[in-house]
Structure formats: structure tokens, C-alpha cells
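Have a look at the structure below before the remarks.
Numbering (my numbering), first residue to last: 1 to 62.
If you want it as C-alpha cells, here you go:
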């Protein structure tokens, strides 16, 4: 998994560039973060991303 802060930082950058929709891609998205030291989960990532100004839609592909 990519660190939560990295994903949020990239999405914030994209939002600042006018992107309104992001798509998260992963083989097993519900396992997000289990391999990271902080062990964030998909809910943690969603809470961070939904708080970003400008992002209107978040999609998942598995």
C-alpha cells in the first residue's frame, strides 16, 4: 500500500489543478493499509479524501 499521507497529498495536488474525480485502483482495496506501520484502513483513507476541497467523486476499481 502507498502511505495514506502520500495518497492524500497527490489527490490534494490534483484537486488544486482542477481535477474533481479520482479513481483508486487496487487488487484488494479492502486490504488497504494492512501492510503499513500505522495500519490505516480504507475508511481512514476515505475520510481524508472526502475532506479535500474540490474532489467531488471518489471511485474504486479492483
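By construction, the Cβ of each residue, glycine as well, lies at the ideal position given by its N, Cα and C atoms.
Handout entry: Endpoints, the alpha helix (DSSP H) within which residue 14 is located
Key = Run containing residue 14: 4-16, per the alpha helix (DSSP H) assignment.
Problem - CA nearest to the CA of residue 61, picked from 45, 22, 52 and 38 - result: Out of 45, 22, 52 and 38, the CA that lies nearest to the CA of residue 61 is found in 22.
Exercise for the section: Could you tell me how far apart the beta carbons of residue 57 and residue 20 are, in whole angstroms, since I believe they sit closer than 8 Å? Expected result: About 7 Å separates the two Cβ atoms, so the contact holds.
Practice task
In the DSSP assignment, find the beta strand (DSSP E) that holds residue 59 and state where it starts and stops.
Solution key: Per DSSP, residue 59 belongs to the beta strand (DSSP E) from 57-61.
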